[in-house]
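Read through the structure below, which is laid out as structure tokens, and then see the notes.
In full-length UniProt numbering, the protein residues as written are 1 to 324.
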């Protein structure tokens, strides 16, 4: 379950959507603006999935009363688990586990690799769902309008899987659900899109500074307990690399070639550094997914190779214990 972030939920917590920033850039006359329909469809699918989860959960019938009474009983079998059990107004952990939550033992020993994808469509509660879907609307619609549903959809899904892989490698004693890995992938893609299309942006320094601050703040919140920050980091890194591959923009001079004299030499469509970024990102993405999947299905624990990495997901203090 999630916590104060566009959250991938782990155990218990809350979520807030990240701040959204759209840096200004030159809109060329040749650029096509797409109609955003995929992002709204993803939102609808997540809402429908949550309703189905609550229907299966059926708190009035299955709650044993150890943690208190069901919340909002007027909803019937859609009522929520007691707040002591789930403060996000949602189902029980056992229901999430049954319907596809990410769990290391089931992925590795139960050969249920499909959980790497199914967990992206599950949410721990109403608060978790609203925070993630608001984040998706603010981030995803702008990207889909500019780059189309195919590229944005690929980034969303692959980033979610990348987040699930890294989460499974480091967190092996609790379940995890949520779309935050995919959402952080879109944030990562926004950053790499800004870098690879650097020449077409105005106010470059302000754009990159603001976006980096947003990303750092959201990742920093992930060190609180009950937040799966490894899903955030894995999704962000995957989306960052995918942005270099999928979100290239042609040079302004190439787009304006029709207005040049016949004997004038037009610029190439892409710059040399865009091609270099593309190749390096593709290689790193293939290597990263290959190594991650091999380690995962061998049952390896990435904490054995990195003794300090667990601090990236939770920093213990006098107020909480990360092992609880």
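By construction, the Cβ of each residue, glycine as well, lies at the ideal position given by its N, Cα and C atoms.
Assuming residue i and residue j make a contact with CB atoms under 8 Å, what is their CB distance in whole Å?
i, j, result
"residue 95", "residue 56", "6 Å"
"residue 315", "residue 223", "5 Å"
"residue 49", "residue 78", "Contact doesn't hold; Cβ gap of about 13 Å is too wide."
"residue 170", "residue 309", "6 Å"
"residue 293", "residue 159", "About 15 Å separates the two Cβ atoms, so there is no contact after all."
"residue 187", "residue 236", "6 Å"
"residue 39", "residue 141", "5 Å"
"residue 192", "residue 240", "5 Å"
"residue 102", "residue 59", "That pair is no contact at about 23 Å."
"residue 121", "residue 189", "20 Å between Cβ atoms; not a contact."
State the Cα-Cα distance for the pair residue i and residue j, rounded to the nearest angstrom.
i, j, result
"residue 42", "residue 155", "13 Å"
"residue 84", "residue 125", "13 Å"
"residue 128", "residue 228", "13 Å"
"residue 63", "residue 116", "28 Å"
"residue 81", "residue 33", "44 Å"
"residue 251", "residue 269", "6 Å"
"residue 275", "residue 282", "11 Å"
"residue 277", "residue 285", "12 Å"
"residue 37", "residue 317", "44 Å"
"residue 216", "residue 207", "14 Å"
"residue 279", "residue 161", "21 Å"
"residue 61", "residue 86", "17 Å"
"residue 163", "residue 289", "11 Å"
"residue 311", "residue 299", "21 Å"
"residue 75", "residue 68", "17 Å"
"residue 319", "residue 173", "21 Å"
"residue 119", "residue 157", "11 Å"
"residue 358", "residue 72", "Within the shown structure, residues of the chain are numbered from 1 to 324, placing residue 358 beyond reach of any answer."
"residue 35", "residue 139", "15 Å"
"residue 153", "residue 51", "23 Å"
"residue 123", "residue 305", "31 Å"
"residue 70", "residue 97", "19 Å"
"residue 66", "residue 93", "15 Å"
"residue 303", "residue 99", "27 Å"
"residue 307", "residue 301", "11 Å"
"residue 111", "residue 105", "9 Å"
"residue 151", "residue 226", "32 Å"
"residue 88", "residue 231", "19 Å"
Just verifying my parser: in three-state terms, what is the DSSP assignment at residue i?
i, result
"residue 270", "coil"
"residue 105", "helix"
"residue 315", "coil"
"residue 176", "strand"
Considering only residues of the region 112-139, which uninterrupted alpha helix (DSSP H) runs meet the minimum length of 4 residues and lie entirely inside it, listed in chain order? Qualifying alpha helix (DSSP H) stretches, in chain order: 115-118.
Is the number of C-beta pairs between the region 240-252 and the region 190-208 that are closer than 8 Å three or more? Inter-segment contact for the region 240-252 and the region 190-208 is present: three or more beta-carbon pairs are separated by less than 8 Å.
Restricting to runs no shorter than 4 residues, where is the alpha helix (DSSP H) found entirely within the region 17-97? Qualifying alpha helix (DSSP H) stretches, in chain order: 38-57 and 59-62.
Three or more C-beta pairs under 8 Å: does that hold for the region 133-140 against the region 176-193? As far as the Cβ criterion goes, the region 133-140 touches the region 176-193, which means the pair count is three or higher.
Kindly confirm or deny that the region 199-217 and the region 144-153 touch, where touching means at least three C-beta pairs closer than 8 Å. Touching, no.
Where are the alpha helix (DSSP H) runs, 4 residues long or more, that stay fully inside the region 139-224, in chain order? Those alpha helix (DSSP H) runs which fall completely within the region 139-224 and span 4+ residues are 149-170, 180-196 and 204-221.
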